[in-house]
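Scroll down for the structure; my scribbles are underneath it.
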Amino acid sequence: MQKIDKTQIFSTVYKKWEEGCGPNHPSYNSSNGKYYYDVVMNLFHCQKGVCAYSEISLCDDDYYQFELWNNGKYSSQKPEFSGALDHFDPNLKPTQGWLWSNLFMVSKDINDKHKREKAVDYILKPDLNDYDPFRLLEYDNQLHVFIANTDLDKVLQQRINDMLEVLGINLSWIKKSRKNHLLILNIKPPLGDFYRFFGNNVFSIECKPSRDDSADRV
Amino acid sequence: MKVSHIYIKDNHQFKDFELDLTYPAGHPKAGKPLDKVCIIGQSGTGKTSLLNKLAKPAEKIYYSEPTTKSDQINNNQITTPLDFNNKNSSFIKYVNSDSDIRFTLFDNGYLVYKNGIESSQSRYSLPIMIDAHTGEKDLGENLQYWKDIIKDIIVFREQEIQKKLEIAELVTTNQELLQAELDKFNEWQKSRPNPLKDLADNYLDKLLSQFHLRVRQSLDFKKTEDIKTIKIETIEGKEVPNNLLSTGTKQIILTTLPLYASKPTKTIILFDEPERSLYPDIQTKIIDFYTSLSTDCQFFFATHSPLIASCFEPWEIIELKFKPDGSVYRELYYDSQKENHVDNYTIDPRYLRWDSILTRIFDLDNDSNEARTRKLMELATLRSKLHKANGKLSVEEKQKLQAQFEKLANLLDWEYDAEN
């Protein structure tokens, strides 16, 4: 789960409105919301087009280029994407349904069927300053699951592993998709590798050297 | 008689619902009605309802000659009652005027055999084993089949006993005629096939052998009732009392009886939940078993079993799904923008693993539950610790960790690559 920088706001009209709402937002109506596409497409820009949690590809980058914003509003009429707008902390949804910092674009099945109203631990909130996937997560190259870095203390590991479950990052269909994605990219991360972002397509791989060596080729 | 097309205008969850039941282009039987159909779908989508609708044409059937393809669908005029003996009648149309349900049927029809539909009382009945004097009420709609089979067996056995008694008498009275009578007896056996042997060898024993059972063929006459029923024995020859037969065994016998008794030809045969009470390995064989017991019939199976579904070609599967408004549609296994051609199918249940059938056809989101996912994470954690153990853990501690890892890997049935 990549670290997400949400400071680059193109949907400034929405952001100004959101800040003006104060502690009590108008009720959240999903896609009927006036600023729905402004939020969704700005999030896709920040998330590089992938699900904030599972990194399953959800939107082609053609649809979230800066040029598509006009006077602080997303201007493309029919952006194509899959996924759903997720309220990271479900407790904030009733009163602050449009809070920018609590919103992420995620796989629809994770949002609708898996995460739903489960309680969250902010230790894996991907836009927080102190969230560092390279320090917190490890990837198993055979089981294709993310786990807490086993060098961390046990309590922290437990919290991280609990949150990996809440966010659906190791659901079987996501594992399968991740495994296939790596096969297509011809990448086999070494055992004990830290988290890395494998990107939305072959040309945007960002790899941080693992502790042992660089990525193996298979 | 086979159904090649169904159209339901508006009947409960079926709204403007249409099914093409022919083989796709590129298939050796392209354009001909499907030999077997597997109906799957969530409870309430109408699997059994479809079977029931299919059962009706046999009760009240009419035919008309088609003029155009659209006429096959749109002409709802009832013409002449079906003449089963009319060899020229190649097209038969059934119209249910109440709900506007239309079936396009081919070839002359005989009978429709219903199993398990609207007769839950008889689903687990014991037709073959129940004494005819006490068990008639449990036989349900299979009673006539049972009576016919038993009558045939009793007649055969009476003749067999009579002839054997005659031979036995000659042993003590007339040795000269004995050989001649024995030769006549052998000739009689050849000319009069033993119905029990036919039932055993060509029908029931094909599957009963999977349960280590078979039909007792030897004459076992201690009391009158012995020749009035069919006995089941172990492969070693030990009789299994009827009340000790498993539900699955009874199910096999119950469903095989009508096929044996009626020897169906050109018949529509309907089965609701053929997997009932059967272990997975038998489920993978049951479709071939049933279809082998008939000639040129069309089978409709409604099932919840992925193992049953794996026995069908993709175009033979009718997967019913709900639309947002509660009506149902058929999920296609090829891109609807493309031609219905065998090469355009993207799912084929015959080639999938069992777990893939569950996820890709039966729409299970995950191939396992969340408990397994958590255990896989535990396994990955142990693997990581082992990987990092050098210099950190003693030999004993590392061995202990390795044992934990192997035990959990075994529990998860996960084959790990020790080289990685």
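Sequence order for the protein chains is G and E.
If you use this note's numbering, the first sequence corresponds to residues 1 to 218, in order.
If you use this note's numbering, the second sequence corresponds to residues 219 to 638, in order.
Glycine is no exception: its CB is placed at the ideal position from the N, C-alpha and C atoms.
Strictly under 8 angstroms for the Cβ-Cβ distance: is residue i near chain G by that measure?
i, result
"E/N412", "no"
"E/T599", "yes"
"E/R571", "no"
"E/Y547", "no"
"E/K603", "yes"
"E/K618", "no"
"E/K424", "no"
"E/S340", "Note on E/S340: pLDDT 27, under 50, position unreliable in the model; no value is reported."
"E/L594", "yes"
"E/E615", "no"
"E/E457", "no"
"E/Y634", "yes"
"E/E588", "yes"
"E/T591", "yes"
"E/K606", "yes"
Under 8 angstroms, Cβ to Cβ, is there at least one residue of chain E near residue i?
i, result
"G/Q142", "yes"
"G/L171", "yes"
"G/V145", "yes"
"G/T12", "no"
"G/T150", "yes"
"G/H181", "no"
What does DSSP give as the partner residue(s) for residue i in the beta ladder?
i, result
"E/G259", "E/L538"
"E/T483", "E/T513"
"G/W69", "G/Y74"
"G/F146", "G/Y139"
"E/P251", "E/T240"
"E/F623", "None; E/F623 has no bridge partner."
"E/R548", "E/L538"
"G/S57", "G/V50"
"E/Y563", "E/Y552"
"G/F81", "G/C59"
"E/N229", "E/F232"
Pop quiz: residue i and residue j are said to be a contact at Cβ under 8 angstroms. What is the actual Cβ separation, rounded to whole angstroms?
i, j, result
"E/Q212", "E/I500", "Because residue 212 of chain E is not part of the residues shown, which for chain E are 219 to 638, the question remains open."
"G/Y53", "G/M1", "6 angstroms"
"E/L511", "E/I504", "The pair is not a contact, with the Cβ atoms about 11 angstroms apart (cut-off 8 angstroms)."
"E/F489", "E/F517", "7 angstroms"
"G/Y131", "G/K48", "In fact, because the Cβ distance is near 16 angstroms, the residues do not count as touching under 8 angstroms."
"E/W533", "E/Y241", "6 angstroms"
"G/I56", "G/S177", "6 angstroms"
"E/P413", "E/D366", "Contact flag wrong, Cβ pair sits at about 10 angstroms."
"E/W174", "E/L252", "Not covered by the structure: residue 174 of chain E. The range shown for chain E is 219 to 638."
"E/R568", "E/S528", "6 angstroms"
"G/S101", "G/K6", "7 angstroms"
"G/F104", "G/D86", "5 angstroms"
"E/L630", "E/K593", "6 angstroms"
"E/L597", "E/L619", "Wrong, their Cβ atoms sit about 12 angstroms apart, outside the cutoff."
Would you say the beta carbon of residue i is closer than 7 angstroms to some non-hydrogen atom of the ligand MG?
i, result
"G/Q65", "Only the bare structure without any ligand can be found here, which leaves the ligand MG out of the picture."
Which full runs of the alpha helix (DSSP H) of 4+ residues lie inside the stretch 508-537 of chain E, going along the chain? 524-527
Report the start-end ranges of each beta strand (DSSP E) in the stretch 412-457 of chain E that is 3 residues or longer and not cut off at the edges. 431-433, 450-452
So if I threshold CB-CB distances at 8 angstroms, which residues from the stretch 509-543 of chain E count as touching chain G? none
Under 9 angstroms (Cβ pairs) to chain E, residues found in the stretch 97-123 of chain G: D109, K113, H114
Going along the stretch 152-170 of chain G in order, which residues come within less than 8 angstroms of chain E, judged by CB to CB distance? Q157, N161, L164, E165, N170
Of the residues that make up the stretch 48-70 of chain G, which ones have a beta carbon closer than 9 angstroms to any beta carbon in chain E? none
Please list the residues of the stretch 124-138 of chain G that have a C-beta atom closer than 8 angstroms to any C-beta atom in chain E, keeping them in chain order. E138
Residues in the stretch 558-585 of chain E having any Cβ partner in chain G nearer than 8 angstroms: Within the stretch 558-585 of chain E, those residues whose Cβ lies closer than 8 angstroms to any Cβ of chain G are, in chain order, T577, D583, N584, D585.
Would you list, in chain order, the members of the stretch 436-467 of chain E that have their beta-carbon closer than 8 angstroms to a beta-carbon of chain G? none
Residue ranges of each alpha helix (DSSP H) run of no fewer than 4 residues wholly in the stretch 84-142 of chain G, ordered along the chain? Listed in chain order, the alpha helix (DSSP H) elements of length 4 or more contained wholly in the stretch 84-142 of chain G are 133-136.
Within the stretch 378-418 of chain E, ranges of the beta strand (DSSP E) (whole runs, at least 3 residues): none
Which runs of the alpha helix (DSSP H) spanning at least 4 residues fall entirely within the stretch 155-187 of chain G, listed in chain order? 172-185
Runs of alpha helix (DSSP H) wholly within the stretch 570-606 of chain E (minimum 4 residues, chain order): 588-605
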